[in-house]
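Residue numbers (our numbering), protein chains in the order written: chain A, 5 to 313; chain B, 431 to 728.
Glycine included, each C-beta is placed from N, C-alpha and C at the ideal position.
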Amino acid sequence: MGRFILRRLFFLVPVLIGISVLVFALVHLAPGDPVVAMLGIHPTAQEATRLRHELGLDKPLPEQYFVWLWRMLHGRLGTSVYAHQPVSTLILQRLPTTAELAGASIAIAVLAGIPLGVLSATKRGGVLDHAARLVSVLGISMPVFWLGILLIIAFSLEVHWFPPGGSVAEQGAIALVLPSLTLGLSFVGVVMRMTRASMLESLSGDYVKTARAKGLLEWEVHYKHALPNALLPVTTVIGLQVGTLLSGAVLTEAVFSLPGLGSLMADAVGARDYPLIMGSVLVVAALFVLVNLVVDVLYALIDPRVRLR
Amino acid sequence: MSSVAPGIELSPLRAVSPAGRARRILHSLARDPTSLAGAVGVLIFTIVAIFAPWLTPHGPYTTDVLHLTQGPSWAHPFGTDELGRDVFSRVIIGTRASMLAGFLSTAIGAAIGTAIGIVSGYAGGWLDEGIMRILDIILAFPQVVLAIALAATLGPSLTNVIGIIAFLFIPQFARVARGSVLVIKEMDYITASRIVGVSRTRILLDHVLPNAFGPILVLISLSIPSAILTEAALSFLGVGIQPPAPSWGNLIADGSNNLLINPWIAVFPGLTITVAVLAFNCLGDGLRDIFDPHGVRK
Numbered sequence: 005m006g007r008f009i010l011r012r013l014f015f016l017v018p019v020l021i022g023i024s025v026l027v028f029a030l031v032h033l034a035p036g037d038p039v040v041a042m043l044g045i046h047p048t049a050q051e052a053t054r055l056r057h058e059l060g061l062d063k064p065l066p067e068q069y070f071v072w073l074w075r076m077l078h079g080r081l082g083t084s085v086y087a088h089q090p091v092s093t094l095i096l097q098r099l100p101t102t103a104e105l106a107g108a109s110i111a112i113a114v115l116a117g118i119p120l121g122v123l124s125a126t127k128r129g130g131v132l133d134h135a136a137r138l139v140s141v142l143g144i145s146m147p148v149f150w151l152g153i154l155l156i157i158a159f160s161l162e163v164h165w166f167p168p169g170g171s172v173a174e175q176g177a178i179a180l181v182l183p184s185l186t187l188g189l190s191f192v193g194v195v196m197r198m199t200r201a202s203m204l205e206s207l208s209g210d211y212v213k214t215a216r217a218k219g220l221l222e223w224e225v226h227y228k229h230a231l232p233n234a235l236l237p238v239t240t241v242i243g244l245q246v247g248t249l250l251s252g253a254v255l256t257e258a259v260f261s262l263p264g265l266g267s268l269m270a271d272a273v274g275a276r277d278y279p280l281i282m283g284s285v286l287v288v289a290a291l292f293v294l295v296n297l298v299v300d301v302l303y304a305l306i307d308p309r310v311r312l313r
Numbered sequence: 431m432s433s434v435a436p437g438i439e440l441s442p443l444r445a446v447s448p449a450g451r452a453r454r455i456l457h458s459l460a461r462d463p464t465s466l467a468g469a470v471g472v473l474i475f476t477i478v479a480i481f482a483p484w485l486t487p488h489g490p491y492t493t494d495v496l497h498l499t500q501g502p503s504w505a506h507p508f509g510t511d512e513l514g515r516d517v518f519s520r521v522i523i524g525t526r527a528s529m530l531a532g533f534l535s536t537a538i539g540a541a542i543g544t545a546i547g548i549v550s551g552y553a554g555g556w557l558d559e560g561i562m563r564i565l566d567i568i569l570a571f572p573q574v575v576l577a578i579a580l581a582a583t584l585g586p587s588l589t590n591v592i593g594i595i596a597f598l599f600i601p602q603f604a605r606v607a608r609g610s611v612l613v614i615k616e617m618d619y620i621t622a623s624r625i626v627g628v629s630r631t632r633i634l635l636d637h638v639l640p641n642a643f644g645p646i647l648v649l650i651s652l653s654i655p656s657a658i659l660t661e662a663a664l665s666f667l668g669v670g671i672q673p674p675a676p677s678w679g680n681l682i683a684d685g686s687n688n689l690l691i692n693p694w695i696a697v698f699p700g701l702t703i704t705v706a707v708l709a710f711n712c713l714g715d716g717l718r719d720i721f722d723p724h725g726v727r728k
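See below:
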């Protein structure tokens, strides 16, 4: 188990380096000259040269990259042009909200998706199966930001059950209800489909025939034998969906004005605040890679066969 | 040569010709009502996209100050926006941008990705490892997050959106193509071809590429709806197609600014996206059933 984790950590390093190179390249491709931004449209040649030297912009690109990387690794992600605050401060302020949103959404997707998937598989071909599959395919077809808007119209504007936006600090936990429902519902289809497919495969196994032959009740066959085996691929799928979830969080937070990392990125993009854009992209990508690693390790813990690969 | 009816001839090799294969695919699709509905939906949206300017009842840029932010009516089935423009006409014109983004980005991504995957898989060794690690870096980013960063950097336009989405698709197509190649590479008839002296290019084009066709086609059918959703998301956030040019995404953004006055402006473009993506997903599911090696039908 230890060797498996070490191997995965070893391959993590080049990926993280690669991410940093890509973000650095994007920083340099971004339009606008920082010297012009600081000194005005027509700086004198001397002022421009002096500032470029101070900022290290006259050094060769590889050297600039290492200086930048060194700063990143020490948490110095730059300063937001519009908020005039360190990027790292802004990100740390917003991270808890996004974590809460992601956690609540996954909980909704799993709590709704797994039972629906099991029912869909055990009552295959029935009305419930068709209805569940329709809900699932609608979930992956609807733009997540549009679903959010629909929920605002229905539950905020028509009946004033939930606020249309705002932070948990101002409104309490109720501010998370519609956003997590939005993100969770867009994700429930995937969980349901995977559970259904996995459960069907599980139920066709020989051990299920044996269980039935032994005289076990149908619910025992489904829930004590078939389901635990069916859950393994579902766990992988949930892990694979983390990227989609993060992408969905950006859009959901933008719709509900939830002050999370996603809306920070959306606002930064709208304001073309490049230090903030690149800092938050780097952090999100690094988090994503780490979360995938954790999911892989958890999966290896659950299914020992994975460790042998 | 034998005949089953006057004018129809049956040749034993007929089933392996591209036309024969296409016919078999269409026949299988027609048997499943969901796939058929999906195929019809895709066809309708494609036709609307091609003939969009001729299908709009009002000009998509024509303002009407007497009818601002109105709900649905006979004159304006989807209502009007805050400048009095007909939302239905704007949705129809937006179909062109969204479908173009969907098809073109997928085509470019599929072409480049498949080529990279086939070369990488066939070459093997360090080249294969190196290419796959570079592609892993692109896959290491959540898709929309990377798309946003690229769009903010390169500037908002339809061309950039198509390029960005194509770029995001390259690793997925490369992986699928490479997977097919790795399977076929070890087969006896490939080894035999190599021994006999058939050139690598010939082997790749005549044997490897046709066998990778199935999984690639399935991925294409799943990528087009993903591209449409990504373009809509980018336009919604303001880094995709810029107003006044209509796109389904920026129409929803317009609508979200007017929810209290007239929520319909946001509802209809989103409904259109959902129906379009649903059609592609149903068609994609049908194609997956055909090309699924286990032949499992839902």
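Verify the CB distance criterion: does residue i have a CB-CB separation below 8 Å to chain A?
i: B:HIS724; result: Note on B:HIS724: pLDDT 47, under 50, position unreliable in the model; the coordinate value appears next. It does not; no Cβ of chain A falls within 8 Å.
i: B:ALA696; result: yes
i: B:ALA582; result: yes
i: B:VAL613; result: no
i: B:SER711; result: One detail in the question is off: residue 711 of chain B reads as Asn in this sequence, not Ser. For B:ASN711, the answer is yes, since a Cβ of chain A falls inside 8 Å of its Cβ.
i: B:GLN573; result: yes
i: B:ILE578; result: yes
i: B:MET431; result: At B:MET431, the pLDDT of 42 sits below 50, so the modelled position is not reliable; the number obtained from the coordinates is stated separately. Not closer than 8 Å to any Cβ of chain A, the Cβ of B:MET431 fails to qualify, so no.
i: B:ALA570; result: yes
Mind pulling the chain B residues with CB within less than 9 Å of residue i?
i: A:PHE149; result: ALA662, ALA663, PHE666, LEU667, GLY679, ILE682, ALA683, SER686, GLY700
i: A:LEU235; result: Simply none; closest approach about 21 Å.
i: A:ILE319; result: Residue 319 of chain A lies beyond the residue range present for chain A, which begins at 5 and ends at 313; the question has no answer from this structure.
i: A:ILE23; result: ILE567, ALA570, PHE571
i: A:VAL285; result: PHE571, VAL575, LEU576, ILE578, ALA579
Along chain A, which residues have their Cβ under 8 Å away from the Cβ of residue i?
i: B:LEU690; result: LEU161
i: B:PHE599; result: Ordered by position in chain A, no residue passes the 8 Å Cβ test against B:PHE599, which lies about 14 Å from the chain.
i: B:ALA604; result: Result: empty, since nearest Cβ-Cβ is about 16 Å, beyond 8 Å.
i: B:LEU639; result: Those within 8 Å of B:LEU639 in chain A number zero; the least Cβ separation is about 28 Å.
i: B:LEU659; result: PRO147
Given that residue i touches chain B, what residues does it touch there, using C-beta distances under 7 Å?
i: A:MET146; result: THR704
i: A:MET198; result: Going along chain B, no residue has its Cβ under 7 Å from A:MET198, so there is no contact; the nearest lies around 14 Å.
i: A:VAL141; result: LEU708, ASN711
i: A:LEU26; result: ILE567
With which residues is residue i paired in a DSSP beta bridge?
i: A:PRO90; result: A:THR83
i: B:ASP516; result: B:THR510
Taking 8 Å as the CB-CB limit, is residue i close to chain B?
i: A:SER251; result: yes
i: A:ARG276; result: yes
i: A:ALA49; result: no
i: A:PHE292; result: yes
i: A:MET269; result: yes
i: A:LEU30; result: yes
i: A:GLY170; result: no
Ignore the nearest five residues each way along the sequence and tell me which others in residue i's own chain have a CB closer than 6 Å to its CB.
i: A:SER315; result: The question about residue 315 of chain A has no answer, for chain A in this structure spans 5 to 313.
i: B:GLY400; result: Residue 400 of chain B is absent from the model: chain B starts at 431 and stops at 728.
i: B:ARG608; result: GLY547, SER550, GLY551
i: A:LEU187; result: SER109, GLY252, THR256
i: A:ALA315; result: Since the first and last residues shown for chain A are 5 and 313, residue 315 of chain A lies out of range.
i: B:GLY471; result: ALA709
i: B:ILE703; result: ALA662, TRP678
i: A:TYR69; result: PHE28
i: B:ILE538; result: ALA596
What residues from chain A crowd round residue i, counting only those whose CB sits closer than 9 Å?
i: B:ARG461; result: Ordered by position in chain A, no residue passes the 9 Å Cβ test against B:ARG461, which lies about 17 Å from the chain.
i: B:ILE548; result: Chain A residues near B:ILE548: none, gap ~23 Å exceeds 9 Å.
For residue i, I'd like the list of residues in its chain whose CB is within less than 7 Å of its CB, leaving aside the five on either flank, ordered along the chain.
i: A:GLY264; result: ARG98, THR101, THR102, LEU105, ALA253, GLU257
i: B:LEU612; result: GLY551
i: B:VAL495; result: GLY514
Name, please, each residue of chain B whose Cβ falls closer than 8 Å to the Cβ of residue i.
i: A:PRO18; result: ARG563
i: A:GLY117; result: Per Cβ cutoff of 8 Å: no residues; A:GLY117 is ~17 Å from chain B at best.
In chain A, what lies closer than 7 Å to residue i by C-beta?
i: B:VAL707; result: SER145
Might you give, ordered along the chain, the residues of its own chain that have their beta carbon closer than 8 Å to the beta carbon of residue i, omitting 5 neighbours on each side?
i: B:ALA445; result: Interpretation of B:ALA445 is limited by its pLDDT of 46, a score under 50 that renders its predicted location unreliable; the figure taken from the coordinates is listed afterwards. ARG451, ARG454, listed in sequence order.
i: B:GLY468; result: LEU708, ALA709, PHE710, ASN711, CYS712, LEU713, GLY714, ASP715, GLY716
i: A:ALA275; result: VAL85, TYR86
i: A:GLY142; result: With the sequence shown as reference, residue 142 of chain A is identified as Leu, and Gly is not the correct amino acid for it. Around A:LEU142: GLY193.
So does the segment 643-661 of chain B actually touch the segment 708-718 of chain B, counting three or more Cβ pairs closer than 8 Å?
These segments touch.
Sufficient close CB pairs (3 or more, under 8 Å) joining the segment 209-219 of chain A to the segment 282-291 of chain A
Here the segment 209-219 of chain A does not lie against the segment 282-291 of chain A, with fewer than 3 beta-carbon pairs under 8 Å apart.
Any contact of the segment 151-158 of chain A with the segment 691-701 of chain B, i.e. 3+ C-beta pairs under 8 Å?
Between the segment 151-158 of chain A and the segment 691-701 of chain B, the count of Cβ pairs shorter than 8 Å is three or higher; the stretches touch.
Check whether the segment 482-492 of chain B touches the segment 514-526 of chain B, taking contact to mean three or more Cβ pairs, one atom from each stretch, closer than 8 Å.
Counting Cβ pairs under 8 Å, three or more are found: they touch.
Using 8 Å as the cut-off, can you tell me whether the segment 83-99 of chain A makes contact with the segment 170-182 of chain A, which would need three or more C-beta pairs spanning the two stretches below that distance?
By the Cβ rule, the segment 83-99 of chain A does not count as touching the segment 170-182 of chain A, because fewer than three pairs are nearer than 8 Å.
Per the contact definition of three or more C-beta pairs closer than 8 Å, is the segment 584-592 of chain B in contact with the segment 527-535 of chain B?
Yes, the segment 527-535 of chain B is in contact with the segment 584-592 of chain B.
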